[in-house]
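Below is one structure; the comments refer to it alone.
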Amino acid sequence: MNLLESFLTALDSLRANKLRSTLTMLGVIIGVGAVIALLSVGSGVNRLITDEIQAIGTNLINVTTDNQATGGTPALSVADLRALQDPLNAPAVSQVAASVQGTQEVLYGGRTYRSTVAGVSEGYLALNNFTPAFGDMLTQQDVDTQARVAVLGWDAAQRLFEDEYPVGRNVRISGVSYEVVGVLAEKGGFAGGDSTVYIPLSTAHSRLYATRALDGERAVSAILAQAVDENSVDAAVAQITLVLREQHGIVYAEDDDFQIISQTELLETFGVITASFTVFLGAIAGISLLVGGIGIMNIMLVSVTERTREIGIRKAVGALRRDILVQFLIESLVLSLLGGLLGIGLGALMSMIIDRIQNDFSPVIEPGTILLATGFAAAVGLIFGIYPAWRAARLRPIEALRYE
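So for the sequence shown, my numbering puts the first residue at 1; every next one is plus one.
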């Protein structure tokens, strides 16, 4: 018997037991659908994070305090900011800004909103790719004069003002009134900043955050630097490291009290995390496929028992062991592949539903995901069909013909 005849025989056998075949395929359908849906979620999250980091710029460099080295005491200060802003110290750096932040209650009218309030230097918002929805951004003059002005993230403005126009109105932070001079355009996703209230760095130091760094200067939470271009990132990191070591009196690298990470490194780190997350989701969904495979093996064993007399007749008229083996293997493969094809449709439908109910990201179904799920389904059918096929092929013709 050739493969085509075996395939047609398998289809006839499955059509003869439509309900049983459908229920058997259900485990594979659900497994493949779950694999595709969950992997598409992982791919969607990965693409969202990648796009947001790249939108900010791959030539940005973040500097923060190494809390393990300092015991939680801030290591970065406004003196470090001034040193890095000097082009003679770090020629590969084009712009530098800093921030200090904490959680505060922001009040407007009868509404209270507990939010992150960040004091930032001029240029910090622009470096983070923020743009104003209306109003203005913070200026160097605001920083120089310790102005009591604030720029609201989009969500913060919505929570505090609802339908009112916020620019020109006053909010209270820690009992002090601040004029709202602008509202930032919504960024959404995982970028953050939409719920933050921004005030000048000097104002934050004088009224909210008086903590001193190790050098006695006003502390900053982080310093954000921009390299001249993407090719200058490594040079900029090296120059920033030298400047900060000189500022902090550090001789050996192991004594560094700060951490530096570029957007490229951040992108690679997130790539590893999201890849692990995607594999984890796929592994969970793969359990459903294994359960489906066990169901296929169970039904194939039942089929072998039911068709024992048929197998005996075929052997008696000259069918070889390999013919019986191939026939039952093909039946198992047909079950799993049909289930896989229906599972692809189910996975696409589940991804569409997730896309409708989830606004932060869109699931991404990649061709590799479909091939992986279909290949795994075929492998499950093959592996779990081997034992029933082997058992059918080993039946002795005389015993099989006697079977009632």
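Don't be surprised by glycine CBs; every beta carbon is placed ideally from N, CA and C.
Where Thr116 sits in the DSSP three-state scheme: Within the sequence shown, the letter at position 116 stands for residue 116. Thr116 falls in the strand class under three-state DSSP.
Residue range of the beta strand (DSSP E) that includes Ile354: As a working note, residue 354 is residue 354 in the sequence shown. Run containing Ile354: none in the beta strand (DSSP E); it sits in the alpha helix (DSSP H), Arg321 to Ile357.
Supposed close pair Val149, Gly119 - CB separation, criterion 8 Å: Taking the sequence shown and counting its residues from 1, the one referred to as residue 149 is at position 149. Taking the sequence shown and counting its residues from 1, the one referred to as residue 119 is at position 119. About 12 Å; that fails the 8 Å criterion.
Rounded Cβ spacing between Asn165 and Ile199 (contact assumed at less than 8 Å): In the sequence shown, residue 165 corresponds to position 165, counting from 1. In the sequence shown, residue 199 corresponds to position 199, counting from 1. According to the sequence displayed, residue 165 carries Tyr and not Asn. Between Ile199 and Tyr165 the Cβ distance is about 20 Å, and since that is not below 8 Å, they are no contact.
Beta-carbon proximity of Leu33 to Phe361, cut-off 9 Å: For the purposes of this step, residue 33 is identified with residue 33 of the sequence shown, where counting begins at 1. For the purposes of this step, residue 361 is identified with residue 361 of the sequence shown, where counting begins at 1. Note on identity: in this sequence residue 33 is Gly, with Leu being the wrong assignment. No, Cβ-Cβ distance for Gly33 and Phe361 is not below 9 Å.
Pairwise C-alpha distance: Ala157 and Asp163: Taking the first residue of the sequence shown as 1, we reach residue 163 at position 163. Taking the first residue of the sequence shown as 1, we reach residue 157 at position 157. Roughly 9 Å separates the two Cα atoms.
Alpha carbon of Gln140 to alpha carbon of Leu214, nearest angstrom: As a working mapping, residue 140 is identified with position 140 in the sequence shown. As a working mapping, residue 214 is identified with position 214 in the sequence shown. Using only the alpha carbons, I get a separation of about 26 Å.
Coil, strand or helix - Leu208 by DSSP: Residue numbering aside, residue 208 sits at position 208 when the sequence shown is read from its first letter. Coil, per DSSP.
Any 3 or more C-beta pairs closer than 8 Å across the stretch 325-334 and the stretch 380-395: yes
Alpha helix (DSSP H) segments (min. 4 residues) lying fully within the stretch 98-153: 124-127 and 140-144
Option in Val41, Ala97 and Gln85 with minimal Cα separation from Asn128: One-based indexing of the sequence shown puts residue 128 at position 128. Checked all of Val41, Ala97 and Gln85; the closest Cα to Asn128 is Ala97.
Cα-Cα separation, Ser221 to Thr145: For this step, residue 221 is matched to residue 221 along the sequence shown. For this step, residue 145 is matched to residue 145 along the sequence shown. If you take the alpha carbons of Ser221 and Thr145, they lie about 21 Å apart.
Simplified DSSP assignment, three categories, for Phe258: By 1-based counting over the sequence shown, the position of residue 258 is 258. In the structure shown, Phe258 sits in a strand (DSSP, three-state: E or B).
N-terminal and C-terminal residue of the beta strand (DSSP E) that Arg172 is part of: Indexing the sequence shown from 1 puts residue 172 at position 172. Asn170 to Ile173 is the extent of the beta strand (DSSP E) around Arg172.
Whether His248 touches Ala90 by CB criterion (9 Å): Taking the sequence shown and counting its residues from 1, the one referred to as residue 248 is at position 248. Taking the sequence shown and counting its residues from 1, the one referred to as residue 90 is at position 90. No, the pair does not count as a contact, with Cβ atoms beyond the cut-off.
C-alpha gap between Ile173 and Asn231, whole angstroms: On the sequence shown, residue 173 is found 173 positions in, with the first residue counted as 1. On the sequence shown, residue 231 is found 231 positions in, with the first residue counted as 1. Each residue's Cα considered, the two are about 42 Å apart.
Secondary structure of Tyr165, DSSP reduced to three states: Within the sequence shown, residue 165 is the residue found at index 165, counting from 1. Three-state DSSP puts Tyr165 in coil, outside helix and strand.
Beta-carbon gap between Gly31 and Gly286 smaller than 9 Å: On the sequence shown, position 31 is the one that residue 31 refers to. On the sequence shown, position 286 is the one that residue 286 refers to. Result yes, Cβ atoms of Gly31 and Gly286 sit closer than 9 Å.
Collapsed DSSP secondary structure at Tyr387 in the structure displayed: Here residue 387 is taken as the residue at index 387 of the sequence shown, counted from 1. If DSSP states are grouped into helix, strand and coil, Tyr387 belongs with the helices.
Top-ranked residue by Cα proximity to Met18, from Gly375, Arg322, Ile299 and Val304: The residue you call residue 18 lines up with position 18 of the sequence shown. Note that residue 18 corresponds to Lys in the displayed sequence, not to Met. Lys18 has its Cα closest to that of Ile299, out of Gly375, Arg322, Ile299 and Val304.
Buried versus exposed, by CB contacts within 10 Å (16 or more), Ile353: Along the sequence shown, read from residue 1 onward, the residue named residue 353 stands at position 353. Exposed, since its Cβ has fewer than 16 Cβ neighbours within 10 Å.
Cβ shell of Ser288 (< 7 Å), same chain only, five flanking positions each side left out: Working through the sequence shown from its first residue, we reach residue 288 at position 288. Excluding residues within five positions, the ones whose Cβ falls inside 7 Å are Gly27, Ile30, Gly31 and Ala34.
Selected residue, minimal CA-CA separation from Asp51, among Ser13, Val380, Val167 and Gly271: For the purposes of this step, residue 51 is identified with residue 51 of the sequence shown, where counting begins at 1. Closest option to Asp51, Cα to Cα, is Gly271.
Nearest candidate by alpha-carbon position, reference Thr103, set Thr22, Leu208, Asn170 and Gly135: The residue labelled residue 103 in the question sits at position 103 within the sequence shown. When each option's Cα is compared against that of Thr103, the closest is Leu208.
Where Phe7 sits in the DSSP three-state scheme: Position 7 of the sequence shown, counted from the start, is the residue given in the question as residue 7. It is helical.
Per-residue burial, Gly339 [other beta carbons within 10 Å of its own, 16 or more giving buried]: Position 339 of the sequence shown, counted from the start, is the residue given in the question as residue 339. Gly339 comes out buried.
Inter-residue CB distance, Val257 and Thr64 (contact presumed, cutoff 8 Å): Taking the sequence shown and counting its residues from 1, one reaches residue 257 at position 257. Taking the sequence shown and counting its residues from 1, one reaches residue 64 at position 64. Residue identity check: residue 257 is Asp in the sequence provided, not Val. Actually they do not touch by this definition, with Cβ atoms about 10 Å apart.
Supposed close pair Leu152, Val183 - CB separation, criterion 8 Å: As a position in the sequence shown, residue 152 is number 152, starting the count at 1. As a position in the sequence shown, residue 183 is number 183, starting the count at 1. Yes, they are in contact, since the Cβ atoms of Leu152 and Val183 sit about 5 Å apart, within 8 Å.
Other residues of its chain near Phe384: CB distance less than 6 Å, five sequence neighbours each side excluded: Within the sequence shown, numbered from 1, the residue matching residue 384 stands at position 384. Around Phe384: Gly293, Ile296 and Met297.
Asn59 and Ala238 closer than 9 Å at C-beta: Residue numbering aside, residue 59 sits at position 59 when the sequence shown is read from its first letter. Residue numbering aside, residue 238 sits at position 238 when the sequence shown is read from its first letter. No, Cβ-Cβ distance for Asn59 and Ala238 is not below 9 Å.
Reduced DSSP secondary structure (H/G/I, E/B, other) of Glu268: Within the sequence shown, residue 268 is the residue found at index 268, counting from 1. Correct three-state label for Glu268: helix.
Per-residue DSSP class, three states only, for Gly182: What you label residue 182 is simply residue 182 of the sequence shown in a count that begins at 1. Three-state DSSP puts Gly182 in a strand.
Top-ranked residue by Cα proximity to Gly368, from Ser13, Leu14, Leu39 and Ser21: The count along the sequence shown starts at 1 and reaches residue 368 at position 368. The option with the nearest alpha carbon to Gly368 is Leu39.
Pairwise C-alpha distance: Pro87 and Asp229: Taking the first residue of the sequence shown as 1, we reach residue 229 at position 229. Taking the first residue of the sequence shown as 1, we reach residue 87 at position 87. Those two C-alpha atoms are separated by around 15 Å.
Which of helix, strand or coil DSSP assigns to Leu224: The residue labelled residue 224 in the question sits at position 224 within the sequence shown. The answer is strand: DSSP assigns Leu224 an E or B state.
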